[in-house]
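Notes follow the structure.
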């Protein structure tokens, strides 16, 4: 039974995220919520640009001098390619400032039961009105996906069930960063911010609450964002894989998160970000690795996880979009080639379930598992049915085995998420 979510104001400045499961209900506090928000008309802007992104580098950067070694936070034994010396000297890597990810010695009753799946301006004159074709969503087995008007093939639905998972996952990522929305050392007086692939707009809304003097724009393929937003936020329909519609040197901070499986040319994406980023501005990219692993070997021999990996590997090849952004170092390579400097990479372990001994990581894990349990079908349906066209009966068995795995108290799974941020140097 899919989870349903409901926002409930519980106290001034706070918001409650309510998860109702088939057996129990849970509520966990979310980030700060401004009671001064006013409901304003939802502004959707459609930019009719369909020019392909060019590979032209708007600026020539010198060689980078800092030399560091990557601190490998994953359990993979594969070594990085020897031919990446230029990239290694450009990227400063550091371990995530998080507690050691170890299982609790004696899990409390209820820690890993079915019931603990808790989680916690006006448009420019040149902007055309949104056309009805943008809202002509595709439907696959009752789930809606973004319009064929966009050339980008994104693998998750844009309906309410998937939106709930996006919001739950946002809470997990915020907790993982110790309550912070980002890691990049942006200026306190940041003026213009862009959130690329904003989804439900939850990150953009939270950032706008935290920085009320900043103008925040969220862009996405589908207009699924809420109407109840801070006055300094607006959302625009835009395809990040095409040439961006914003002028050069526009944004002080560009935030990009969870575009794995949607981008064919990461370097072109980051070159557009470089063009639109203001001098001395920052970019931050956060991408997860879809591999599910463990440090104690408890996931090594699970056939369902081998099938999970095969689904994203083969599906990504047919889509032409990689799901293994970390493994291929697409963030670091693309940001470096675009011309950014002061590049820093930090990788976090992202537990699945309430098994970690550390209470904060346990809370993160409960959010992550709730994200997956809420819409396991949404993350896999298009790849299995449309892209790979694997058998329907095997799909139902796969979903059943994945749900069983997510509730298994004897395994200690995690994924990783890598944050890479960098600065656009001022012109000399």
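Residue numbers (the working numbering): 303 to 730. Where is the CB? At the ideal position from N, CA and C, for every residue including glycine.
Where do the N-terminal and C-terminal ends of the beta strand (DSSP E) with residue 482 fall, by residue? Unbroken run through residue 482: none, as it is neither H nor E.
Enumerate in chain order the residues of its own chain whose CB-to-CB distance from residue 713 is below 6 Å, with the five nearest sequence positions on each side excluded. The residues are 600, 601.
Nearest-angstrom Cα distance between residue 653 and residue 616? Answer to the nearest angstrom: the Cα atoms are 25 Å apart.
So residue 646 is in the beta strand (DSSP E); what residue range does that whole segment cover? Per DSSP, the unbroken beta strand (DSSP E) holding residue 646 starts and ends at 643-653.
Under a Cβ-count criterion, where at least 16 other Cβ atoms within 10 Å of its own Cβ denotes burial, should residue 718 be classed as buried or exposed? With 16 or more Cβ atoms within 10 Å of its Cβ, residue 718 is classed as buried.
Determine the direct distance from the alpha carbon of residue 724 to that of residue 498, and round the result to whole angstroms. In this structure, the alpha-carbon of residue 498 lies about 16 Å from that of residue 724.
What is the rounded straight-line gap between the Cα of residue 597 and the Cα of residue 463? For residue 597 and residue 463, the distance between alpha carbons rounds to 32 Å.
Going by Cα to Cα distance, which pick from 695, 697, 648 is closest to residue 395? Looking at 695, 697, 648, the one whose alpha-carbon comes closest to that of residue 395 is 648.
In the DSSP assignment, find the alpha helix (DSSP H) that holds residue 705 and state where it starts and stops. Where residue 705 is concerned, the enclosing alpha helix (DSSP H) stretches over 694-708.
Measuring CA to CA, which of 702, 632, 495, 726 is closest to residue 643? Looking only at 702, 632, 495, 726, the smallest Cα-Cα distance to residue 643 is reached by 726.
Given a cut-off of 9 Å on the beta-carbon distance, is the pair residue 685 and residue 636 in contact? Result no, Cβ atoms of residue 685 and residue 636 do not sit closer than 9 Å.
Cβ-based burial, residue 319 [other Cβ within 10 Å; buried from 16]: Residue placement at residue 319 cannot be trusted, given a pLDDT of 35 that sits under 50; the coordinates are not used to answer.
Quick one: Cα of residue 501 to Cα of residue 561, how far? Using only the alpha carbons, I get a separation of about 10 Å.
Does DSSP put residue 414 in a helix, a strand or coil? With a pLDDT of only 47 at residue 414, under the threshold of 50, the placement of this residue in the model should not be trusted, and no figure is reported.
How many Å lie between residue 545 and residue 482 at the Cα? Using only the alpha carbons, I get a separation of about 30 Å.
Cα separation between residue 419 and residue 671? With a pLDDT of 35 at residue 419, under the threshold of 50, the predicted position of this residue should be treated as unreliable, and no value is reported.
Helix or strand or just coil, what does DSSP make of residue 615? It is helical.
Could you tell me whether the Cβ atoms of residue 488 and residue 669 are closer together than 9 Å? In this structure, residue 669 does not lie closer than 9 Å to residue 488 by Cβ.
Take every Cβ of the stretch 627-635, pair it with every Cβ of the stretch 587-594, and state whether three or more of those distances are shorter than 8 Å. The stretch 627-635, when compared against the stretch 587-594, does touch it at the 8 Å Cβ threshold.
Throw me the rounded Cβ distance for the residue 618 and residue 680 pair, which I believe falls under 8 Å. Contact between residue 618 and residue 680 does not hold, since the beta-carbon distance rounds to 17 Å and is not under 8 Å.
Grab the span of the alpha helix (DSSP H) containing residue 689 for me, first residue to last. Here residue 689 belongs to no alpha helix (DSSP H), and DSSP marks it neither H nor E.
Determine the contact status of residue 523 and residue 508, defining contact as a CB-CB distance below 9 Å. The criterion of a C-beta distance shorter than 9 Å is not satisfied by residue 523 and residue 508.
Residue 728, DSSP secondary structure in three states: Residue 728 falls in the coil class under three-state DSSP.
The beta strand (DSSP E) spanning residue 494 covers which residue range? Its beta strand (DSSP E) spans residues 494-498.
Can the beta-carbon of residue 504 be found closer than 9 Å to that of residue 558? Taking 9 Å as the Cβ cut-off, residue 504 and residue 558 do not qualify as a contacting pair.
Leaving out the 5 sequence neighbours to the left and right, which residues in its chain are closer than 7 Å to residue 465 when beta-carbon positions are compared? Excluding residues up to 5 positions away in sequence, 502, 526 lie with their Cβ nearer than 7 Å to the Cβ of residue 465 in the same chain.
DSSP bridge partner residues for residue 721 (one or two, in chain order): According to DSSP, residue 721 bridges with 588, 648.
Report the three-state DSSP secondary structure of residue 716 (helix, strand or coil). DSSP places residue 716 in the strand class (E or B) of the three-state scheme.
Flag this pair as yes or no: are the beta carbons of residue 553 and residue 583 separated by less than 9 Å? A Cβ-Cβ contact shorter than 9 Å links residue 553 with residue 583.
At what residues does the beta strand (DSSP E) containing residue 536 begin and finish? Counted as a single uninterrupted DSSP element, the beta strand (DSSP E) harbouring residue 536 occupies residues 535-539.
For residue 579: DSSP bridge partner residues: According to DSSP, residue 579 bridges with 553.
By Cβ distance below 8 Å, which residues in the same chain neighbour residue 694 in space, the five residues on each side in sequence not counted? 687, listed in sequence order.
From residue 704 to residue 513, what distance separates their C-alpha atoms? Taking the straight line from one Cα to the other gives about 40 Å.
Nearest-angstrom beta carbon gap, residue 658 and residue 403 [assumed within contact, 8 Å]: With a beta-carbon spacing of about 6 Å, residue 403 and residue 658 fall inside the 8 Å limit used to define contacts.
Opposing strand residues paired with residue 405 [DSSP bridges]: Answer is 658, bridged to residue 405.
Beta-carbon within less than 6 Å of residue 677's beta-carbon, same chain only, minus the 5 sequence neighbours each way: which residues are those? Within the same chain, residue 677 has close Cβ partners 463, 464, 467.
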